[in-house]
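*Asks:* Okay, here's the structure, questions in a sec.
Right, here's the structure in full:
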């Protein structure tokens, strides 16, 4: 934004998210600390969930203070209200591990959008159970590992490598870009709230395999895609974003798949972008999305 | 269309639909008969269904010939190819029976759109199991019957009255405008292919009751509505039209319902309009929609 | 929202909007006053406009305090920051004067949506330069005045009557529901920020008269509608909402008009609803819309 | 489609488009020739333009006949009705020359979609006035030429090279994938009907340069893109496809540009795909699009 036109221009822009049990005074206390840190609010949203009675807040501020100074100023209210908080610099690329398989449309888009500066993430590693994606990763200068998953042993090894890579690269987000494998309940639990999957249907319609064939058989007039957090309850994780596109009777299942790929790409990109901008908060089995 | 600008201007415009097992020569034979009837094709679509190997065709023509002359000219090909055909004047209002309940948003829209000439139907009767809709019917000068359905007996009586009304008013289309009752398998079968229901969800997601509460609980990011032909397989009839609208976490189930009503209205109106223009053909469990 | 499930349940819900030149501490001061008034924030958004360097805030709170108590508590920060503020009870119907002409689709929708509780407005009067809308107003129990505008004198008299009615009925919003007349610069200025017009095109495309004929001639693939605040600069007022719908080459200008009417209806309804919920704030020639 | 399941399965699938002055008997004559060629219609559309009184037809057939045999069979009706016809094999990649500049999002998508079989084109050459796109072309194995356009002389040379390449590579379609230069009236005329440009606004709104800045200044609620045939009347060529996407007040011109890029990509891809499938026909200043 052009607030930077203010003179003298504050040096830094920070984004913070807060979640806690709802009670009066939260915003007052937080904004008090922000004033204390010489912060000026540029954009903010708050919401009290009627389902969970929890309070959620996202705020972007401009200030000359350092990240440590801002965190110090906010320590008191965070402490007294028992707030789960995240405070970071706006635009810092989120360290993202991408898992994929044979289909490259989602991977190609994520890497391309990142390369032209449309997606605030950095991808230190791509792991796939096929080697098709190798050249796309290479083109974008991203390290790539091909690890087949054709047996229980290989699957366990694959997931152990994921665990390892998450630590090794300080991974903040794991993206299943058409990975086509079901994560084990254990790994799903470990990655809870930081693993996004793209499902190629408009959930909850057409769960499970081959949704485009199901969509064709059912003769639906719109097909869609759903980006959701991964949980051990398959295809039931909290939904982050959904898109649909109109189709008609002339489309074969193969054509629906081709048409749907574009929807998958856009839905996953949007979900990853929202997450990277810290606009997605978990409220039980639902998401709060502060656009 | 402005073909009427031709001089001398043909007096009449007809619409025809054809369906039969696919084989070569169908279009040639039909268009030959059209030429014979002095007809000029204004708009036409054909489609061969890979699923059923049946051929479907819709055509609009301009000609000076009478309806009987056109039908006579087409009798031969219809006979020889074993075609299911419908031939009618373009714009003749389709005689429509509307069944509804307490909610009036769909009824109000159907009657209003009809009154301003946006929907080529005429409604000789509205039957409802509540009397709320009475004044809307009255406002539009449409006869209204209130028949409670609070017992098995009343339900049977209601359906018998529907059967009766269909004959009495030469009904071509029965519209369930949020009727909220499940038709008996018998009546569903009798009205097969000429009874349209609006389901207040994006089928196949959220079948059954209270889809907006389901949608809220699931935290979906778009809600929708589905207009489909009624079959004895509840919520599984051939889909005619679907619409969706974006929602977010701030919406309560009640708000989702209000938002969804607009989608129901538009989806049902579109489906009824497509049917009335003879643009909807049945292909097994799917519909061919020639927009 | 279900916050009311809290026990003991706060008696009242208020909505407030604030606008002022941006500087640090605004939110802290306002939320401090809210705490003082025993208020709990349910939903809030803030935004600092990079174009005008003005700060905008909308907040909904729950409290046992009365409207006067809430206003008293907020008087200090409003004073010290030079804030333009509006504080009201959530859901209080906004007093709306509707001006229309021959077309009734927008009027019918506004009155119907209001009657079923989907639109938080009340309409004490409809004035039209044709009498076609009379029966729609009557059906909904709304007083109606027919005042022809066929001369400069009649136009002046019409506008004087509007001024009069605004005072007489404490009008907060004037809606031009396809009024089809151009307000005088004087009246436009007097109603600045509280008069919404629906333009039947996707502005800035196809300004002026007969946009559907223009759209047909240009062969556009989507047509739209635009709801905007009225200013003395015709069709250039701040845009509140826009919708589009896909069309194709088969559509005549007349058909485009019929299709477009649905878009006009939805766009105007949305804009009026957003205004009535105090979600629309003016930022120079643009609007801030806090959905 | 699955017609190929027929046994014995016809060897070949052809697509044909026809355009001529409207008169009775056209479809009958054409389908007669198709029968003669042993053809079976899989999908077809016809339309009579009320504006130009011209008749347009697109048909896909299955037959064992060779392309020459099909052409021979259709020679007679084409001759007698003075039809402009194109007859080709379905799926034959359309030879496409891509011109671009610095922005790579459209180029990357066209080449990627082509590489995964979603776009029935082949690109023998990419010419750009910047070298940024070089590596994308190289990645997809497409020859690339960098020809700066910084003077009238260089521009003339660039266009001469385009003329040359069109001949050299039997180019059927020239795509301006964010080429950002205005073609000379002469070249525009030479490429009439076979040159598609993507304009980064929802035409006719925001013609000319920097539409995203215009859109921000105007505060529009949706931005769009338009794919159109290039004519010597800048930004006024026949529209093939348009897409829009919702935005709000929080977006800077830079963010609008990033959001809009996705719309540009999808709109251009759709237009190129429709053209390559021979679904786009010219009707004066408008297009007939047979989806």
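Residue numbers (the UniProt record's numbering), protein chains in the order written: chain P, 1 to 291; chain B, 1 to 291; chain V, 1 to 291; chain A, 1 to 291.
Note that beta-carbon positions come from the ideal geometry of N, C-alpha and C, so glycine has one too.
This one's a predicted model, so the numbers in the text were calculated from it and none came from an experiment.
#1: Check for me: the beta strand (DSSP E) holding residue 269/B runs from which residue to which?
#2: Would you decide whether residue 221/B is buried or exposed? Buried here means 16 or more other CB atoms lie within 10 Å of its CB.
#3: In the DSSP assignment, find the unbroken alpha helix (DSSP H) run with residue 14/B in it and report its ends.
#4: Please report the straight-line C-alpha distance between residue 131/A and residue 145/A, rounded to a whole angstrom.
#5: At a Cβ threshold of 8 Å, is residue 222/V touching chain P?
#6: Can you tell me the Cα-Cα spacing of residue 199/B and residue 284/B, whole angstroms?
#7: Mind checking which residues open and close the alpha helix (DSSP H) that includes residue 165/B?
#8: Go through its chain and collect everything with a Cβ distance to residue 244/A's Cβ below 6 Å, but skip five positions before and after it.
#9: Report yes or no: is there a C-beta of chain V within less than 8 Å of the C-beta of residue 47/B?
#10: Which bits of chain V does residue 43/B rub up against, with CB to CB less than 9 Å?
#11: Grouping DSSP H, G and I as helix and E and B as strand, with all else coil, what is residue 206/B?
#12: What does the Cβ neighbour count give for residue 128/V, buried or exposed, with the cut at 16 atoms within 10 Å?
#13: Give a yes or no on whether the C-beta atoms belonging to residue 69/B and residue 29/B are separated by under 8 Å.
#14: Report the CB separation of residue 272/P from residue 119/P in whole angstroms; it is logged as a contact under 8 Å.
#15: Using 10 angstroms around the beta-carbon of residue 173/A, count the other beta-carbons present and answer buried if the total reaches 16, otherwise exposed.
#16: On the CB-based measure, 16 or more other CB atoms within 10 Å of its CB, does residue 22/A come out buried or exposed?
#17: Please return the same chain residues whose Cβ sits closer than 6 Å to the Cβ of residue 4/B, not counting the five positions on each side in sequence.
#18: Considering residue 58/P, what are the terminal residues of the beta strand (DSSP E) in which it resides?
#19: Determine the chain E residues that contact residue 231/P at a beta-carbon separation under 9 Å, and present them in chain order.
#20: Return the chain-ordered ranges of every beta strand (DSSP E) run that is complete within the region 174-203 of chain B and spans a minimum of 3 residues.
#21: Can you look up residue 83/V in the DSSP assignment and give me helix, strand or coil?
#22: Using beta-carbon positions only, say whether residue 76/A and residue 33/A come within less than 8 Å of one another.
#23: So, helix, strand or coil for residue 108/B, using DSSP?
#24: Does residue 167/B come within less than 8 Å of chain P when only Cβ atoms are used?
#25: Helix, strand or coil: which one does DSSP assign to residue 68/A?
#26: At a CB-CB cut-off below 7 Å, which residues of chain P make contact with residue 254/B?
#27: Could you list which residues in chain A have their beta carbon closer than 7 Å to that of residue 40/P, in chain order?
#28: In terms of residues, what are the limits of the beta strand (DSSP E) holding residue 240/P?
#29: Is any beta-carbon of chain B found at less than 8 Å from that of residue 66/P?
#30: At 7 Å on the CB atoms, spell out the chain P contacts of residue 32/V, in chain order.
#31: Under 8 Å, do residue 241/V and residue 264/V count as touching if we go by C-beta distance?
#32: Can you pull the chain P neighbours of residue 77/V, defined as C-beta to C-beta under 7 Å?
#33: Spatial neighbours of residue 187/B within its chain, please: CB distance less than 8 Å, with the 5 preceding and 5 following residues excluded, ordered by chain position.
#34: If you measure beta-carbon to beta-carbon, which residues of the region 126-158 of chain A are closer than 7 Å to chain V?
#35: State the Cα-Cα distance for the pair residue 62/A and residue 57/B, rounded to the nearest angstrom.
#36: Using DSSP's beta-bridge definition, name the partner residues of residue 46/A.
*Replies:* In terms of the structure at hand:
#1: Residue 269/B -> not in any beta strand (DSSP E); alpha helix (DSSP H) instead, spanning 253-276.
#2: It is buried - the Cβ of residue 221/B has at least 16 other Cβ atoms within 10 Å.
#3: That residue, residue 14/B, is in no alpha helix (DSSP H); its beta strand (DSSP E) goes 12-21.
#4: So the two alpha carbons sit approximately 8 Å from each other.
#5: Output row for residue 222/V: interface = no.
#6: When rounded, the separation of the alpha-carbon atoms in residue 199/B and residue 284/B is 20 Å.
#7: In the DSSP assignment, residue 165/B falls within the unbroken alpha helix (DSSP H) covering 152-168.
#8: Sequence-distant Cβ neighbours of residue 244/A in its own chain, meaning closer than 6 Å and more than five residues away, are 202, 222, 224.
#9: False, the Cβ-Cβ gap to chain V never drops below 8 Å.
#10: The answer, in chain order, is 250.
#11: In the structure shown, the three-state DSSP call for residue 206/B is coil.
#12: Buried, since its Cβ has 16 or more Cβ neighbours within 10 Å.
#13: Remark: C-beta atoms of residue 69/B and residue 29/B do not approach each other more closely than 8 Å.
#14: Contact flag correct, Cβ pair sits at about 6 Å.
#15: Buried: at least 16 other Cβ atoms inside 10 Å.
#16: Counting other Cβ atoms within 10 Å of its Cβ, residue 22/A reaches 16 or more and is therefore classed as buried.
#17: Unreliable placement is indicated for residue 4/B, whose pLDDT of 39 sits below 50; the coordinate value is still reported in the next sentence. If we look at residue 4/B and ignore the five residues flanking it on each side, it has no Cβ neighbours.
#18: Start and end: 54-63.
#19: No chain E appears in this structure, whose protein chains are P, B, V and A.
#20: Correct list: 195-199.
#21: For residue 83/V, the three-state secondary structure derived from DSSP is coil.
#22: Yes, the pair counts as a contact, with Cβ atoms nearer than the cut-off.
#23: If DSSP states are grouped into helix, strand and coil, residue 108/B belongs with the helices.
#24: False, the Cβ-Cβ gap to chain P never drops below 8 Å.
#25: Correct three-state label for residue 68/A: helix.
#26: Against chain P, the beta carbon of residue 254/B has no neighbour under 7 Å; the closest one sits roughly 11 Å away.
#27: Those do not exist, as residue 40/P stays about 16 Å from chain A at its closest Cβ, beyond 7 Å.
#28: 239-246 is the extent of the beta strand (DSSP E) around residue 240/P.
#29: Interface with chain B (8 Å Cβ-Cβ cutoff): residue 66/P is excluded.
#30: For a Cβ distance threshold of 7 Å, residue set 28 of chain P lies close to residue 32/V, ordered along the chain.
#31: Residue 264/V is positioned such that its CB atom lies no closer than 8 Å to that of residue 241/V.
#32: Under the 7 Å cutoff, chain P gives no residues; its nearest Cβ is about 11 Å from residue 77/V.
#33: For residue 187/B, where only same-chain residues beyond five positions count, the Cβ hits under 8 Å are 159, 162, 163.
#34: Those residues of the region 126-158 of chain A that come within reach of chain V (Cβ to Cβ, closer than 7 Å) do not exist; the list is empty.
#35: In this structure, the straight-line span from the alpha carbon of residue 62/A to that of residue 57/B is close to 17 Å.
#36: In DSSP, residue 46/A forms a bridge with 44/B, 57/A.
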